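Here's the structure we're looking at; comments come further down.
Chains as they are written, first to last, in the working numbering: chain A, -13 to 409; chain B, 90 to 374.
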């Protein structure tokens, strides 16, 4: 059979044109060029956008801090990206943000909720209850959408794969809605309580959902042990911003390198917050607006009525207050709580009800080898214990049941424990 | 023209719109296509009946997205069904149609007749691609309609609760369902181009279909390997589930736009690769 060659009549090629050997290569060059162009665009555009911060008038650190403190941004809506890399020990069964698989599915978030949290108060373990959901933010990458209109109306939406988790506050009502399990959670806020801002402790900073709250926490802690400086300008979410650097001073054992806060030049609203670890690498916490709008959010954003067929859990206001204190590192039901040292090197001492280390001594070796997997044995004047390490927060669990937690190195913990033992 | 009329496929070449039209008719007249569409239509029915039977337990937890909302609103069967068929079933049918588009003609010996006519290889390829994209939309529409009918028959319908907890009237929910279906169909365009490229590589329709579907499976499996997470954003199914972002209030466009951008890049890259291959190769069958 006769071959039909590509030079057969086609409108875009002259009839009977001789086949040039290079033509095939040229044509294959088209897809290659497209790939190259795309790669260049993806790679270069952010790089070009990053070159050099905007030109802004100089400010001193004090002026900038005052600006942040005085920022009265009451109306705002935007998207916040949270990236956390705490370096938590890998636990079996924990799923990353990418773990939904091709089917997506709602409930993968629920599996991350620690089961101990649910068993604690017996009832009120609705999948829509905020405890476990906010803890999710302590690992991986998450997208939040926030809207606020004054201190009484706020909304935070945790964007998940084909699902969403919302916390909506409108006046005295606080609702949480989980679309994956189609369940809602409701409580009454005390009239005086203005959001989470005044409640968060230093350890609770992962629960602070906007860069502003995170920045305020750090600035509040700024005293003699902290240096505050301005480090140039940057563009965040398309807006001009100053960079404020808060770094620990005279704290040899701290694991924190610095906290960087990008402050919007116009409104004084912090737009980005990163916490760097002394050991380097990616920021431990990176909270930033990817887009932000200081206009009034539409009023409908804060209306919530539980839809028909939704499981609604009513929580008592006490439960709600208890939830604010829930911390990722807190041992269940500590009997006592002391702060040793001050500033960045401070260590919290808790008395755990059961001695964790002692239990495994006489237990089977399998449990101990598993414990060895993510802890490290240390000993000192306080006795023997084990250290659980993350990139910033380390914890020392002694055999006699004390727990030392702090943003300090292992040596710092041992030192603090020794000092406590001498007393 | 007399030369063309002697060819069995002559009616195909009556002019540009007719060319595409006959290509589409050819695709949908195949028993294979009809069977695939029937299977796609059966999925929402099966899901709906299964959920209906299970309703006594107070709704199912887990499984594909949106499953728990179906009992409250039949419209959610549309979203649940699309989420269920999107990872494999739906693209598999697209892979079969795309893989067969050129290679099938070559395998049955009809490609050479198509090329004798003065339609041009570039145009022939464009028409093949267009017909495949039309199939993407048709297949999605079949799932949408089957799910809608099943949902309305088996479950209550009414105001729709969006993912954000906002309630919108049923009409707006329906509109969003249409937008979701369009987004799903557009999600398949990149894969359709990939299938077309594979189709130009071989003279065997079966080989092209198997390769295309095999590629789909491989990429979907790669997408679940956490160690390859740096590659994931460049795999064509990576943003497929972003259609759900249309059900947020306000709509969250990030993932959708990224999905459409990725599909466009795939379409251009593999479309031009198919063109480079098809316009320079010797057709022997």
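All C-beta atoms, glycine included, are put in the ideal place defined by N, C-alpha and C.
In this text the structure is predicted, and so the values were computed from the model without any measurement.
CB contact flag (residue i, residue j, <8 angstroms)
i, j, result
"residue 371 of chain A", "residue 382 of chain A", "yes"
"residue 239 of chain B", "residue 166 of chain B", "yes"
"residue 255 of chain A", "residue 271 of chain A", "no"
"residue 211 of chain B", "residue 190 of chain B", "no"
"residue 393 of chain A", "residue 379 of chain A", "yes"
"residue 298 of chain A", "residue 402 of chain A", "no"
"residue 348 of chain B", "residue 328 of chain B", "yes"
"residue 200 of chain B", "residue 310 of chain B", "no"
"residue 147 of chain A", "residue 330 of chain B", "yes"
"residue 156 of chain B", "residue 140 of chain B", "yes"
"residue 331 of chain A", "residue 266 of chain A", "no"
"residue 198 of chain B", "residue 301 of chain B", "no"
"residue 332 of chain B", "residue 269 of chain B", "yes"
"residue 335 of chain A", "residue 326 of chain A", "yes"
"residue 369 of chain B", "residue 13 of chain A", "yes"
"residue 274 of chain B", "residue 226 of chain B", "yes"
Spatially closest choice to residue i from the options, by CA coordinates
i, options, result
"residue 281 of chain B", "B:227, B:259, B:360, B:213", "B:360"
"residue 242 of chain B", "B:138, B:158, B:123, B:127", "B:138"
"residue 192 of chain B", "B:285, B:257, B:225, B:116", "B:285"
"residue 135 of chain A", "A:13, A:68, A:157", "A:157"
"residue 125 of chain B", "B:184, B:161, B:372, B:108", "B:184"
"residue 282 of chain A", "A:145, A:171, A:17, A:64", "A:64"
"residue 163 of chain A", "A:119, A:257, A:127, A:211", "A:119"
"residue 132 of chain B", "B:277, B:350, B:174, B:163", "B:174"
"residue 384 of chain A", "A:377, A:376, A:367", "A:367"
"residue 277 of chain B", "B:314, B:350, B:266", "B:350"
"residue 278 of chain A", "A:253, A:27, A:11, A:296", "A:253"
"residue 413 of chain A", "A:301, A:222, A:56, A:323", "With chain A covering -13 to 409 only, the question about residue 413 of chain A has no answer from this structure."
"residue 218 of chain A", "A:14, A:46, A:27, A:32", "A:46"
"residue 390 of chain A", "A:323, A:408, A:355, A:225", "A:323"
Distance, residue j Cα to residue i Cα
i, j, result
"residue 150 of chain A", "residue 396 of chain A", "39 angstroms"
"residue 286 of chain A", "residue 294 of chain B", "54 angstroms"
"residue 130 of chain A", "residue 182 of chain B", "36 angstroms"
"residue 230 of chain B", "residue 168 of chain A", "27 angstroms"
"residue 284 of chain A", "residue 335 of chain B", "18 angstroms"
"residue 405 of chain A", "residue 125 of chain A", "33 angstroms"
"residue 108 of chain B", "residue 217 of chain B", "10 angstroms"
"residue 274 of chain A", "residue 52 of chain A", "21 angstroms"
"residue 115 of chain A", "residue 152 of chain A", "10 angstroms"
"residue 364 of chain B", "residue 233 of chain B", "33 angstroms"
"residue 214 of chain B", "residue 208 of chain B", "10 angstroms"
"residue 154 of chain A", "residue 236 of chain A", "42 angstroms"
"residue 317 of chain A", "residue 362 of chain A", "With a pLDDT of 41 at residue 317 of chain A, under the threshold of 50, the modelled position of this residue cannot be trusted; read the value that follows with caution. Residue 317 of chain A and residue 362 of chain A: Cα-Cα distance of roughly 18 angstroms."
"residue 340 of chain B", "residue 211 of chain A", "45 angstroms"
"residue 171 of chain B", "residue 236 of chain B", "9 angstroms"
"residue 239 of chain A", "residue 70 of chain A", "22 angstroms"
"residue 166 of chain A", "residue 289 of chain B", "43 angstroms"
"residue 137 of chain A", "residue 288 of chain A", "12 angstroms"
"residue 220 of chain A", "residue 291 of chain A", "41 angstroms"
"residue 338 of chain B", "residue 48 of chain A", "40 angstroms"
"residue 119 of chain B", "residue 16 of chain A", "34 angstroms"
"residue 116 of chain B", "residue 186 of chain B", "8 angstroms"
"residue 259 of chain B", "residue 293 of chain A", "13 angstroms"
"residue 344 of chain B", "residue 54 of chain A", "32 angstroms"
"residue 61 of chain A", "residue 257 of chain A", "14 angstroms"
"residue 376 of chain A", "residue 241 of chain A", "10 angstroms"
"residue 113 of chain B", "residue 136 of chain B", "30 angstroms"
"residue 410 of chain A", "residue 251 of chain A", "There is no way to answer for residue 410 of chain A, as the model of chain A reaches only from -13 to 409."
"residue 224 of chain B", "residue 324 of chain B", "22 angstroms"
"residue 216 of chain A", "residue 388 of chain A", "40 angstroms"
Within chain D, the residues that residue i reaches when beta carbons sit closer than 7 angstroms
i, result
"residue 252 of chain B", "Although the question refers to chain D, the structure presented lacks it and instead comprises the protein chains A and B."
Sufficient close CB pairs (3 or more, under 8 angstroms) joining the segment 15 to 22 of chain A to the segment 351 to 362 of chain B: yes
The segment 295 to 306 of chain B / the segment 243 to 253 of chain B touching (three or more Cβ pairs under 8 angstroms): no
Stretch-stretch touch, CB-based, cutoff 8 angstroms, three pairs: the segment 212 to 231 of chain A with the segment 242 to 261 of chain A: A contact exists between the segment 212 to 231 of chain A and the segment 242 to 261 of chain A.
Complete runs of the alpha helix (DSSP H) confined to the segment 165 to 226 of chain B [at least 4 residues]: 165 to 174, 178 to 196, 200 to 205
4 or more residues per run - each alpha helix (DSSP H) lying fully within the segment 250 to 323 of chain B: 259 to 276, 278 to 290, 294 to 311
Sequence ranges, beta strand (DSSP E) only - wholly within the segment 210 to 296 of chain A, length at least 3: 212 to 222, 225 to 234, 242 to 250, 256 to 263, 271 to 279
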